[in-house]
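J.: Read in order, the letters of the sequence shown are residues 66 to 693 in the working numbering. Shown below is the structure under consideration.
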Amino acid sequence: MKMKTKRTFAMFAAVGMLLSTSCSIDEALKLSGNETLVTFSLELENAMSTRAISDGTGVNELIYAIFDGRGNRVAESDAAAEFPFEKTFSLIKGEQYTAVFWAQNKECNAYSISDDYKTITVNYDDALNNDESRDAFFKAETFTVTEGTNINVVLKRPFAQLNLGITEQEWQNAKNVGFELASSSVEIKKAATTLNLVDGSVGGETNVTFKSNNILDNEYLTVDINCDGKAEEYKYISMCYFLANDNVDGASQTTLDGLKFLLSSEDGSKTIELQDGLANAPVQRNYRTNIVSYGANGGNIITDNINVEISLDPLYDGEHTFTDENVWEEYAGIYTEEALAGMTINIPGGWHIRNGYIIEPMPENWTAESSPLYINAYTIDGNNNTITFEPYKYNFVVKNAFAAADSKDVIIKNITFAGEHFGVYGGVYGGVKGRNNYNTVLENVKIIDNGIYCYNDNGNIPMSAFSNLGTATLNDCTIKGSYWVGEKDLNVNATNAYNIYGIYDVFVPNNKMTTINNSIIGSINVNNHGHLTISGTSTIDKIDANALVNGTVTINENSKVALLNVNEYSDKYAPTVNIKAGAIVETLQLNSIAKTSKITIEEGATITKIIYKGVEYSSINDFKNSLN
């Protein structure tokens with residue numbers, strides 16, 4: 066069944082025409098009356114770089130619709146799309162809308178959209194196993210239109226992914242007994258058949274057989290099955306996407322009612338059925354359920370048809386609660402998980418921080434070699450005291466991380482951090498042990514004139530006093546004056562310990578979102594896909610938006626930036642910069658960009674100097690006129 070889409074527009078006359086491209090500064094200035102431009106910047110969440118599987122590169126068609134606050138559809142269409150992708154509409158200011166997006170491989174015939182553009186129906190007839198073309202993404206976004214609205218939308222998979230992997234040794238064991246594995250199929254009980262694009266709920270129910278198909282050559286499934294922070298590698302022998310049916314909203318964890326794999330030899334003469342031990346395998350939207358072999362000599366799924374390990378892997382989404390029951394037992398003198406659960410921990414003066422743990426008294430012979438992995442939300446209130454970082458061996462390569470699993474809030478407030486350290490981190494880099502969603506709030510936090518160590522490999526990321534590794538909000542903070550201490554550890558190769566990018570006070574990495582309110586910040590580095598918003602009476606000395614690809618920098622009313630330096634990755638990507646009315650930028654440096662189509666300067670913004678392609682402009686109008 067080919068995807069059904071309407072190819073005519075049903076926009077209200079007052080809404081205007083759908084724009085096929087993003088607007089330039091000049092275009093934005095021509096708008097008048099009750100209309101304004103709304104730009105959606107669309108990207109696919111966590112497309113995994115595992116060659117053919119889940120890399121998202123096969124998704125090349127976008128189906129979308131916009132509904133007003135009364136539920137009337139005012140726009141709908143489909144379009145060829147290469148992600149990141151951008152769509153711009155003219156909509157009525159002050160009105161509320163809901164936009165729905167569905168992205169898929171245009172050659173896939175498994176999905177059809179209803180006439181009202183609200184429901185996707187999945188056709189499992191003749192579905193093949195190991196078919197990456199069935200990967201797809203969706204998102205609904207409700208918003209109220211303001212002047213020059215820019216909305217970043219991350220599309221997520223509506224599916225659970227079911228994977229089966231074996232070790233190289235198990236593969237070889239099978240060959241040794243004459244079984245040349247070539248194809249696989251899988252049977253699943255009670256998969257959902259419909260997806261509501263507006264609210265994300267699923268409906269319908271059917272038993273599905275993903276028919277036998279060749280396994281994907283030279284593809285490997287990586288799973289940290291023993292949760293030691295190091296992923297093990299398995300040969301990929303089965304993979305499929307399906308709608309998880311939890312009878313609630315499609316997003317909660319549930320279990321498969323029945324599951325069976327059929328593994329076939331190259332000549333078709335031998336088939337192995339794998340079913341034992343797979344009852345109640347967990348599944349969840351935007352999660353990978355990984356079934357892999359274990360045991361002596363590399364496992365025995367094929368040879369013995371027993372011994373499997375099942376994990377629910379949050380590499381896609383990260384909204385599953387991951388627990389480690391004994392994570393605290395080995396550390397004395399540290400607040401326990403139970404003590405931290407939803408509580409405010411009041412810290413007196415004179416306490417210390419080492420490796421992210423707030424401790425008193427300082428344990429003798431401290432040997433902690435990992436960042437803290439707090440499971441519950443918590444608040445640390447320093448009561449306006451100074452907390453001092455204790456020096457330690459640099460070869461630990463650890464960060465002063467404050468983190469809670471699965472998007473729970475961590476609040477750090479009323480603290481001055483002092484001493485020399487690797488920086489304060491909101492979250493844990495790479496999502497240690499499956500935790501990769503972090504919400505960190507800093508309130509009245511001061512990090513002033515602190516020395517920062519550099520340890521990272523080849524110095525390929527900026528070092529900073531605060532780095533956001535999730536979603537961070539800084540309220541009424543002062544972070545400035547950070548300086549590089551240098552490489553001091555004899556156990557670190559000095560050639561790998563230098564710092565290419567220099568020291569910053571705040572770092573916004575790829576795909577992370579940082580909001581700064583009413584704060585004083587010295588320097589900020591925004592990496593490729595990072596998103597930075599400056600609001601309130603914030604004062605910033607310098608922002609380096611380095612190689613901005615799909616990231617954004619927004620400076621709101623009453624905020625002041627001395628220097629905004631914007632770089633683009635290549636002339637293929639136009640950096641997104643929004644300078645709102647009432648914002649102040651002393652110098653806007655654009656020498657290193659080729660395109661200005663996504664740089665919006667609202668009327669009422671103040672920019673003292675613009676430097677573009679070596680030419681200095683003393684007024685916004687002079688700069689805009691030069692683009693004609």
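Beta carbons are placed, not taken as given, at the ideal position from N, Cα and C, and that holds for glycine.
In or out: GLU147 buried (at least 16 other Cβ within 10 Å) or exposed?
T.: With fewer than 16 other Cβ atoms from the protein chains shown falling within 10 Å of its own Cβ, GLU147 counts as exposed.
J.: So, helix, strand or coil for PHE224, using DSSP?
T.: coil
J.: Let's test the definition: count the other Cβ atoms within 10 Å of the Cβ of LEU324 and tell me whether it reaches 16, buried, or not, exposed.
T.: buried
J.: For the region 566-592, list the beta strand (DSSP E) runs that are entirely contained and at least 3 residues long, ordered along the chain.
T.: 568-573, 578-582, 585-591
J.: Going by alpha carbons, who is nearest to LEU343 out of PHE307, ASN278, GLU252, ASP332?
T.: In terms of Cα proximity to LEU343, the closest of PHE307, ASN278, GLU252, ASP332 is GLU252.
J.: GLU245 CB to nearest chain C CB: under 8 Å?
T.: In the structure shown, chain C cannot be found, because there is only a single protein chain.
J.: Using a 10 Å radius around the Cβ and a threshold of 16 neighbouring Cβ atoms, would you call ALA145 buried or exposed?
T.: exposed
J.: Looking at C-beta atoms only, is the number of pairs between the region 626-637 and the region 594-609 that lie closer than 8 Å three or more?
T.: With a cut-off of 8 Å, the region 594-609 and the region 626-637 count as touching, because enough Cβ pairs lie within range.
J.: With distances taken between CB atoms, is the gap from ASN615 to ASN632 smaller than 8 Å?
T.: no
J.: In angstroms with no decimal places, state the Cα-to-Cα distance between GLY699 and ASP570.
T.: Lying outside 66 to 693, the shown extent of the chain, residue 699 is not represented and no answer is given.
J.: Output the distance between the C-alpha atoms of LEU262 and ILE185, rounded to the nearest integer angstrom.
T.: 7 Å
J.: Would you list, in sequence order, the uninterrupted beta strand (DSSP E) runs of no fewer than 3 residues that lie entirely inside the region 169-203?
T.: 176-178, 184-187
J.: Determine the direct distance from the alpha carbon of THR579 to that of ASN725, and round the result to whole angstroms.
T.: Absent from the model: residue 725. The displayed extent of the chain is 66 to 693, so no value can be given.
J.: Taking the CB atoms as reference points, tell me whether ILE675 and LEU653 lie closer together than 8 Å.
T.: For the 8 Å CB-CB criterion, ILE675 and LEU653 form a contact.
J.: Could you check whether PHE154 and LEU127 sit closer than 8 Å to each other, using their CB atoms as the reference points?
T.: no
J.: Starting from the C-beta of LYS254, find all residues in its chain whose C-beta is less than 6 Å away, skip the five residues before and the five after it, and write them out in chain order.
T.: ASN272, ASP322, GLY323
J.: DSSP on ASN241, reduced to helix/strand/coil?
T.: helix
J.: What's the C-alpha gap between LEU227 and GLY213?
T.: 42 Å
J.: When you compare only the Cα positions, how much space is there between THR665 and PHE208?
T.: 20 Å
J.: Is LEU102 near VAL124, with beta carbons less than 8 Å apart?
T.: no
J.: Run the CB neighbour count on GLU141, radius 10 Å, all protein chains shown included, and call it buried at 16 or more, exposed below.
T.: Under this definition GLU141 is a buried residue.
J.: Provide the residue span of the alpha helix (DSSP H) that contains SER691, from first to last.
T.: 685-691
J.: Quick one: grab the DSSP three-state call for GLN654.
T.: strand
J.: Assign GLU206 to one of three DSSP states: helix, strand, or coil.
T.: strand
J.: Leaving out the 5 sequence neighbours to the left and right, which residues in its chain are closer than 7 Å to GLY488 when beta-carbon positions are compared?
T.: LYS464, ASN465, ILE517, MET528, SER529, ALA530, PHE531, SER532
J.: Distance, Cα to Cα, PRO437 vs LYS473?
T.: Low confidence applies here, because PRO437 scores a pLDDT of 42, under 50, leaving its location unreliable; read the following figure in that light. Cα to Cα, the separation comes out at about 15 Å.
J.: Is the Cβ-Cβ distance between GLY121 and ASP200 less than 8 Å?
T.: The criterion of a C-beta distance shorter than 8 Å is satisfied by GLY121 and ASP200.
J.: Report the three-state DSSP secondary structure of GLU485 (helix, strand or coil).
T.: Judged by DSSP in its simplified three-state form, GLU485 adopts strand.
J.: To the nearest whole angstrom, what separates the beta carbons of GLU668 and ALA648, a pair I think is in contact under 8 Å?
T.: Wrong, their Cβ atoms sit about 12 Å apart, outside the cutoff.
J.: Could you name the residues that DSSP lists as bridge partners for SER532?
T.: TYR490, PHE572
J.: Compare the C-alpha of ALA225 against each of SER303, TYR352, GLU197 and name the closest.
T.: TYR352
J.: Rounded to the nearest angstrom, what separates VAL618 and PHE105 at their Cα positions?
T.: Spanning the two alpha carbons is a distance of roughly 15 Å.
J.: Is the region 323-338 close to the region 234-245, with three or more CB pairs under 8 Å?
T.: Touching, yes, given that three or more Cβ pairs across the two stretches are closer than 8 Å.
J.: Are three or more beta carbon pairs between the region 132-140 and the region 186-200 nearer than 8 Å?
T.: Too few Cβ pairs lie closer than 8 Å, so no.
J.: What residue range does the beta strand (DSSP E) around VAL631 cover?
T.: Looking at the DSSP string, the run of the beta strand (DSSP E) that includes VAL631 is 625-633.
J.: DSSP state of GLN234, grouped into three classes?
T.: It is helical.
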